[in-house]
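Here's the structure, in structure tokens; my notes come after.
There are 2 protein chains.
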Amino acid sequence: MSQIDHYLNENKEIVESLLKQVIDEKNTPKQLHDSIYYSLLAGGKRLRPILMFASYDAFKQNDRHKTYETASALEMIHSYSLIHDDLPAMDDDDYRRGKLTNHKKYDEATAILAGDALLTESFSLIANDPLLSSDEKVYLIKELSQAAGSAGMVGGQILDMEGENQSLSVTQLEKIHELKTGKLIEFAVIAGAYLAQGEAMNEKALRNYAYYLGLIFQVQDDILDVIGDPEKLCKPVGSDEESDKSTYPNLLGLEGAIKHKEKYIALAEEALVEAGAKNSYLMDLMHHFANRDH
Amino acid sequence: MSQIDHYLNENKEIVESLLKQVIDEKNTPKQLHDSIYYSLLAGGKRLRPILMFASYDAFKQNDRHKTYETASALEMIHSYSLIHDDLPAMDDDDYRRGKLTNHKKYDEATAILAGDALLTESFSLIANDPLLSSDEKVYLIKELSQAAGSAGMVGGQILDMEGENQSLSVTQLEKIHELKTGKLIEFAVIAGAYLAQGEAMNEKALRNYAYYLGLIFQVQDDILDVIGDPEKLCKPVGSDEESDKSTYPNLLGLEGAIKHKEKYIALAEEALVEAGAKNSYLMDLMHHFANRDH
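If you read the protein sequences in the order shown, they are chains D and H.
Going by our numbering, the first residue of the first sequence is number 1, and it counts up by one from there.
Going by our numbering, the first residue of the second sequence is number 1001, and it counts up by one from there.
See below:
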């Protein structure tokens, strides 16, 4: 196993063991607890918390436990967004990662409330972290609420819905990606570096890195839908082209999309050098996700 | 106009002018901004923020601006909960206070996202309040997320749904009220007193007062459904009895419900005396809501 695969596996296990402890079994009604637990432990890459760890690891070698509650909170927000996205009124998906979606396993009302609870509890988790100072908590809550709210993830979701039946430019497409998925990725990078370095971090360079990383992830998603192996992806390919959806290959052609990705890889590398994190897992993760086959 | 009516009107205007400024027009996609604004400014008693003001006023006579952002955040959480409660998968209501509900005015997806945004932005508002210290912000965010989350409002909502087709005991009914509506009322009282008095507040007595106030409000709601004037209430009465819903009059009889309320009024008064707030608007508000006719 390569070093980066080892890093991903090891940290995925850490994230999942943290998430198992996150929801207070005593004080949560059973149905709500079960449905939260079901979605939170339903697998996934755990990209956001692992990215937060990598950002911390890039700048500090000890006290890593300081990142754990916030990383869990971040994954809880991601999980709530998937539960709500899957609802009949939104994407209307019955399955996610081969398992029934929350509202199919339970019911729609429970799924709405499980999402609401996850979002609320994520802020509670940070506010109650015994390892952080009040200043650190306030910084993280400001950043996380900004990233997840109307000018971030939820705003991107609305723009995505509005753009569904229109032909978008690359600029419009990237604005949606930046808000809908990019802002939480940016939070992961900034939160990890902040807990390691405080105000000394090179915030601008780190935000640039996160911006390009988010888009690289999306370009590769779109590329895999054209040339990926359905068995490795666990889903059919070619659906984007058929549906005439706004994707990088549909807008730029396959070659154009690959060139676009390569430009962003170079810019992400440059930003990492500037941030003082050239030799870190942030670099390896970026290349790993740029070249992944699933 | 009586003194308490004057207090209510004056503070309602303050709340509404605060809420008008709350959502950042520049950075929120138009459709999302409009639907948030629509529900947030759709009227209502503004009970929670006014209660927070009254709790502050009971213990401190200056610097009241310290309560304003948190009071707005509290009303935003209440507003999000109404938007999600009205959804087809939940109570399926087309009208609220004589106006179309959010998902009827806009659409279901927008209503889900407007609720999500309001919840997220409420924590952002507290975290960004320039008048509060980091310790104060963390205290308020802990309390608010606890009150709104799985062991509070959302938990109560799940229990309410589960109890819908069962006959409940008074104890079970009051547990649902305590979580679903009581916890935010408790937050209002605690948050106001905390900003006025800090750790010096009599937390236990204040939580008791809030507990009884929340239940008094509910008993009176149920009583008005039996003996209220439909014109003053702007809604038909008698629907609870027909539907065989678990309400105080259905469980205790009308006389029993009135006696129950009177017992709680005495207990709320006692708690206020203990908290050192005998002569305050907290007392007047309690009596006002206990005897309201709409």
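C-beta: ideal position from N, C-alpha, C; glycine also.
{"Asked": "Proximity of H/L1118 and H/Y1080 at Cβ, strictly below 7 Å", "Found": "yes"}
{"Asked": "Closer than 7 Å to chain D by CB, H/Q1031", "Found": "yes"}
{"Asked": "Where the alpha helix (DSSP H) through D/M76 begins and ends", "Found": "Y68 to D86"}
{"Asked": "Within chain H, the residues that D/G149 reaches when beta carbons sit closer than 8 Å", "Found": "A1117, T1120, E1121 and S1124"}
{"Asked": "Cβ of H/N1279 within 7 Å of any chain D Cβ", "Found": "no"}
{"Asked": "Chain-order list of residues whose beta-carbon lies under 6 Å from that of D/D244 (same chain, five-residue window excluded)", "Found": "none"}
{"Asked": "Outcome for D/M286 when other beta-carbon atoms lying within 10 angstroms are tallied against a minimum of 16", "Found": "buried"}
{"Asked": "Chain H contacts from the stretch 126 to 138 of chain D (Cβ-Cβ distance under 7 Å)", "Found": "A127, N128, S134, D135, K137 and V138"}
{"Asked": "is_contact[H/E1186, chain D] using C-beta, thresh 7 Å", "Found": "no"}
{"Asked": "Any chain H beta carbon closer than 7 Å to D/M1", "Found": "no"}
{"Asked": "Neighbourhood of D/N202 by C-beta distance below 6 Å, restricted to the same chain and skipping five residues each side", "Found": "A275"}
{"Asked": "Inter-residue spacing [alpha-carbon to alpha-carbon] between H/D1284 and H/E1270", "Found": "14 Å"}
{"Asked": "Cut-off 8 Å between Cβ atoms - residues of its own chain near D/D240, not counting five sequence neighbours on either side", "Found": "D222, D225, V226, T247, P249 and N250"}
{"Asked": "CB contact below 7 Å: D/S145 versus chain H", "Found": "yes"}
{"Asked": "Top-ranked residue by Cα proximity to H/G1155, from H/L1184, H/F1053 and H/A1290", "Found": "H/L1184"}
{"Asked": "Boundaries of the alpha helix (DSSP H) in which H/T1120 is found, first to last residue", "Found": "E1108 to A1127"}
{"Asked": "Against chain H: residues of the stretch 163 to 197 of chain D by CB proximity under 7 Å", "Found": "none"}
{"Asked": "8 Å Cβ cut-off: residues of chain H touching D/Q157", "Found": "L1113"}
{"Asked": "CB-CB length for D/A127 against H/V1138, believed under 8 Å", "Found": "5 Å"}
{"Asked": "Residues of its chain near H/R1292, where Cβ-Cβ distance is below 7 Å and the 5 sequence neighbours each way are ignored", "Found": "Q1220"}
{"Asked": "Close Cβ partners of D/N4 (< 6 Å) along its chain, the five nearest in sequence each way excluded", "Found": "In the sequence on display, residue 4 of chain D carries Ile and not Asn. Correct list, in chain order: D284 and H288."}
{"Asked": "Rounded straight-line distance, which links the Cα of H/T1067 to that of H/Q1061", "Found": "12 Å"}
{"Asked": "Within chain H, the residues that D/V22 reaches when beta carbons sit closer than 8 Å", "Found": "Correct list: empty, because the minimum Cβ distance to chain H is about 11 Å."}
{"Asked": "Between the CA atoms of H/L1087 and D/F187 - distance to the nearest angstrom", "Found": "31 Å"}
{"Asked": "Cutoff 7 Å; reference D/L206; Cβ partners in own chain excluding five residues on either side", "Found": "V189, I190, A193 and A275"}
{"Asked": "DSSP bridge partner residues for D/Y95 (one or two, in chain order)", "Found": "D/L100"}
{"Asked": "Exposed unless 16 or more other CB atoms sit within 10 angstroms - verdict on D/Y56", "Found": "buried"}
{"Asked": "CB contact below 7 Å: H/K1263 versus chain D", "Found": "no"}
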